[in-house]
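This report refers to the structure that appears directly beneath it.
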Amino acid sequence: MDNLDHSILDLLRQNARAGYGDIGSVVGLSASAVKRRVDRLVADKVIRSFTIQVDPAVDGMSTEAYVELFCRGTVAPDELLRILSGVPEVVDAGTITGSADAMVHIRARDIPGLEAALEKVRLAPNVDHTRSAIVLSRLIHRSVE
Numbered sequence: 001m002d003n004l005d006h007s008i009l010d011l012l013r014q015n016a017r018a019g020y021g022d023i024g025s026v027v028g029l030s031a032s033a034v035k036r037r038v039d040r041l042v043a044d045k046v047i048r049s050f051t052i053q054v055d056p057a058v059d060g061m062s063t064e065a066y067v068e069l070f071c072r073g074t075v076a077p078d079e080l081l082r083i084l085s086g087v088p089e090v091v092d093a094g095t096i097t098g099s100a101d102a103m104v105h106i107r108a109r110d111i112p113g114l115e116a117a118l119e120k121v122r123l124a125p126n127v128d129h130t131r132s133a134i135v136l137s138r139l140i141h142r143s144v145e
């Protein structure tokens, strides 16, 4: 990857529907050269997908929480993945440093939906307890993927 590839990726992050000609006029390449580079980035799995981002409030998923997950004993990340994959309200999760084993981002339609999702997580045999923080207002959201 060179600086042109990075510039193309930056422009596609801003607008995945940008035309190759529009991108080319910014980075100094022809539309066909941009297309070849994008095709290569897709083939090399640098670009994993082209997608849309729907406003969760419009989609009816406006209640969100960040949940610290505490497990009994040592639990492998693959096991956490298995547990959390079964809860559709989980939109993001990762293992973390500190006293908790994982941080989980949950979105639900409302507080009862959030509570139901938390209960699904808590029912897993390896989960000891959770600690939740409900989001009151979102200040910054950047998609880096």
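In full-length UniProt numbering, the protein residues as written are 1 to 145. Note that the Cβ used here is the ideal one computed from N, Cα and C, for glycine as well.
Three-state secondary structure assigned by DSSP to residue i
{"i": "Gly24", "result": "helix"}
{"i": "His129", "result": "strand"}
{"i": "Ile134", "result": "strand"}
{"i": "Ile111", "result": "helix"}
{"i": "Leu139", "result": "coil"}
{"i": "Ala124", "result": "coil"}
{"i": "Ala116", "result": "helix"}
Proximity of residue i and residue j at Cβ, strictly below 7 Å
{"i": "Ala31", "j": "Gly21", "result": "yes"}
{"i": "Val135", "j": "Ile106", "result": "no"}
{"i": "Leu114", "j": "Thr63", "result": "yes"}
{"i": "Ala117", "j": "Val104", "result": "no"}
{"i": "Pro77", "j": "Thr95", "result": "yes"}
{"i": "Glu89", "j": "Ala65", "result": "no"}
{"i": "Val27", "j": "Leu4", "result": "yes"}
Residues bridged to residue i (per DSSP)
{"i": "His6", "result": "Its beta-bridge partners do not exist; DSSP assigns none."}
{"i": "Asp92", "result": "His105"}
Report task. Specify whether the segment 5-14 and the segment 30-42 touch according to this definition: at least 3 beta carbon pairs, one from each stretch, less than 8 Å apart. Result -> yes
**Report entry** Completely contained beta strand (DSSP E) runs for the segment 16-87, where each covers 3 or more residues
**Finding:** 63-71
Report task. Could you tell me whether the segment 42-50 touches the segment 69-78, where touching means 3 or more Cβ pairs closer than 8 Å? Result -> no
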